[in-house]
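Q: Before I ask anything, let me first share the structure, which is written out below as structure tokens.
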Amino acid sequence: MSQIVDRPAAAAVIPVMKPWLGPEEAQAAADAVASGWVAQGPRVARFETAFAERIGGGTAVAVSSCTTALHLAMVLAGVGPRDEVIVPSLSFIATANAVRYVGATPVFADVDPATLALDPEAVAAAITPSTRAVILVHQAGTPADIDAIHRICDPRGIAVVEDAACAIGSTYRGRTVGRHSEQVVFSFHPRKLLTTGEGGMLVTTNDEWGARARRLREHAMDASAAQRHTSGQVVIEHYLETGFNFRMTDIQAAVGLVQLGRLDEMLARRRQLAAVYAEVLADIPGLRMASDPEWGTTNFQSFWIHPAPGRMGRDELLARLLADGISARRGIMASHLEPAYAGHPHGPLPVTEQMAAESLILPLFHTMTEAEQEQVVASLHAHLG
Ligand SMILES: *Cc1c(COP(=O)(O)O)cnc(C)c1O
């Protein structure tokens, strides 16, 4: 059970993550409020344009979260009842839930222990005549081998949706993640790099799908509120299909525009902090950790470590770190082990179960100081060295 523990203010704990927000974001939000237009409007449109430019093209559709972006992606890919969608269990549970939202069945496949992304061989083995799509997660920001999944799926007409919730600014074969599949989704939750409080983005290379996504997020209206407002004429809208309210607000988009301008700085700082961890933790016997795969670069959204089994249980290590003033976290969850998926059939998931039980995530955030990182490293050396 999760619980919130009140700690005395004096006991400063190094957090696992802290969003990097400044007075510019506060001003941008205040300006949106002062403008009188607070729901989806001109700032959302500007955020979408700027986001697509940063990714290098495509149609970007801003929504209320990455979870709703995943839901839309399932609808656009035509996934429905009796379809199967191959997903990693080792992911935030929203990945699997999105499949259920459209009445389809998530099929859990195991992951590669180095990248924590779907193992292409496991995907190939999980395909049945009912397989309609694969959701490829760039876990913790580490780019998955996208081409390997497309080589399996494309000839069979299976859609590939990339869950890049964590992977803004990560690269695959020299290009920013977001351009390698027909649909790629991002999150702006504060646990990720860029934040709008809550928020998400669906990027598609398919213009028709982009237009449909823009309608679906707004109750499938054929004329958006912003269009009606600015048309200068009476516009009677129509509702073309069963849509959703998945809109982002202009207040959120105002914050997102400022955050996007900070992305390169965020990436540089995270990679610098990760390089220090990689160097100074290298002497801990058997310790594995997040790293760049051969085909790309990670944004180190989460710096996970996997201690050699046997020395000390993961949860005990977390408790000892907390006693040292360090708020680390368990590693990525295994969705199939949660009550929501009790009784849900699945094949063997040995890597998923080992990583969910034994890995943890270390503090890493933009404003982390050298002294804070030294404290984390010293604590790890004391307990694992
Ligand atoms: C955080 C996360 C999500 C959900 O993002 P929200 O914006 O919070 O809905 C989905 N998939 C993965 C892999 C995530 O890490």
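The sequence shown begins at 1483 in our numbering and counts up by one.
Beta carbons are placed, not taken as given, at the ideal position from N, Cα and C, and that holds for glycine.
On the three-state DSSP scale, how would you describe P1490?
A: Confidence is the limiting factor: at P1490 the pLDDT is only 48, short of 50, which leaves the residue's position unreliable and the question unanswerable from this model.
Q: For the structure I just gave you, are there three or more beta carbon pairs, one from the region 1684-1692 and one from the region 1774-1782, closer than 8 Å?
A: Contact between the region 1684-1692 and the region 1774-1782 is absent, because fewer than three Cβ pairs lie under 8 Å.
Q: What do you reckon, is the C-beta of T1879 under 6 Å from a heavy atom of ligand 1?
A: No answer is possible for residue 1879: it lies beyond the span of the chain, which begins at 1483 and ends at 1867.
Q: For V1545, is the beta carbon positioned less than 6 Å from some heavy atom of ligand 1?
A: Checking every heavy atom of ligand 1 against the Cβ of V1545, none is found closer than 6 Å.
Q: According to the neighbour-count rule (16 or more other Cβ atoms, all chains shown, within 10 Å of its Cβ), is H1662 buried or exposed?
A: It counts as buried.
Q: Please list, in chain order, all residues of the same chain as E1723 whose beta carbon is under 7 Å from its beta carbon, the five residues on each side excluded.
A: These residues qualify, in order along the chain: A1702.
Q: Is the beta carbon of H1671 within less than 6 Å of some heavy atom of ligand 1?
A: H1671 Cβ: within cutoff of ligand 1.
Q: Applying the 10 Å Cβ sphere with the 16-neighbour rule, what's the burial state of M1794?
A: M1794 should be labelled exposed.
Q: Between A1551, W1777, R1812, which has its C-alpha nearest W1786's C-alpha?
A: The option with the nearest alpha carbon to W1786 is R1812.
Q: What is the rounded straight-line gap between the Cα of A1514 and the Cα of P1637?
A: Roughly 47 Å separates the two Cα atoms.
Q: Run through DSSP, which three-state label would N1727 get?
A: Three-state result, N1727: strand.
Q: Since W1786 is in the beta strand (DSSP E), which residue starts that stretch and which ends it?
A: Start and end: 1785-1788.
Q: Start and end of the beta strand (DSSP E) containing P1827?
A: Counting along the chain, P1827 falls outside any beta strand (DSSP E), and DSSP gives it neither H nor E.
Q: In chain order, which continuous runs of the beta strand (DSSP E) of length 3 or greater are located wholly inside the region 1541-1613?
A: Listed in chain order, they are 1541-1545, 1566-1570, 1587-1591.
Q: Would you kindly report the start and end of the unbroken beta strand (DSSP E) that includes T1686?
A: Run containing T1686: 1682-1686, per the beta strand (DSSP E) assignment.
Q: May I ask you to report which of helix, strand or coil DSSP gives G1807?
A: Looking at G1807 - three-state DSSP - the assignment turns out to be coil, as it is neither helix nor strand.
Q: With hydrogens ignored, establish whether the beta-carbon of D1645 is closer than 6 Å to any heavy atom of ligand 1.
A: For ligand 1, at least one heavy atom lies less than 6 Å from the Cβ of D1645.
Q: Restricting to runs no shorter than 4 residues, where is the alpha helix (DSSP H) found entirely within the region 1613-1696?
A: List check, alpha helix (DSSP H) in window: 1628-1635.
Q: Is G1743 close to ligand 1? I mean its beta-carbon at under 6 Å from any heavy atom of the ligand.
A: Incorrect: G1743 has no Cβ contact closer than 6 Å to ligand 1.
Q: Taking the CB atoms as reference points, tell me whether F1590 and H1818 lie closer together than 7 Å.
A: Contact: yes.
Q: Which one or two residues does DSSP pair with T1779 in a beta bridge?
A: Beta-bridge pairing links T1779 to T1653.
Q: Cα separation between L1831 and E1603?
A: When rounded, the distance between both Cα atoms is 13 Å.
Q: Taking the alpha carbon of M1499 as the reference point, which residue from V1740, V1561, P1845 has its own alpha carbon closest?
A: Per the Cα distances, P1845.
Q: Relative to the C-alpha of C1648, which candidate in G1768, F1574, H1828, P1789 has its C-alpha closest?
A: Per the Cα distances, F1574.
Q: Measuring alpha carbon to alpha carbon, tell me which of V1616, R1770, V1762, E1835 ends up nearest S1861.
A: Measuring from the Cα of S1861, the nearest candidate turns out to be V1762.
Q: Mind the definition here: the region 1763-1777 touches the region 1621-1629 only if three or more C-beta pairs lie below 8 Å; say whether that holds.
A: Judged by Cβ distances under 8 Å, the region 1763-1777 makes contact with the region 1621-1629, as three or more pairs qualify.
Q: According to DSSP, which residues form a beta bridge with R1770?
A: DSSP lists H1788 as partners of R1770.
Q: By alpha-carbon positions, which one of H1788, L1866, P1501 ends up nearest to R1752?
A: Among H1788, L1866, P1501, the Cα nearest to that of R1752 is on P1501.
Q: Tell me whether F1574 counts as near ligand 1, meaning its Cβ is closer than 6 Å to at least one heavy atom of that ligand.
A: The answer is yes for F1574.
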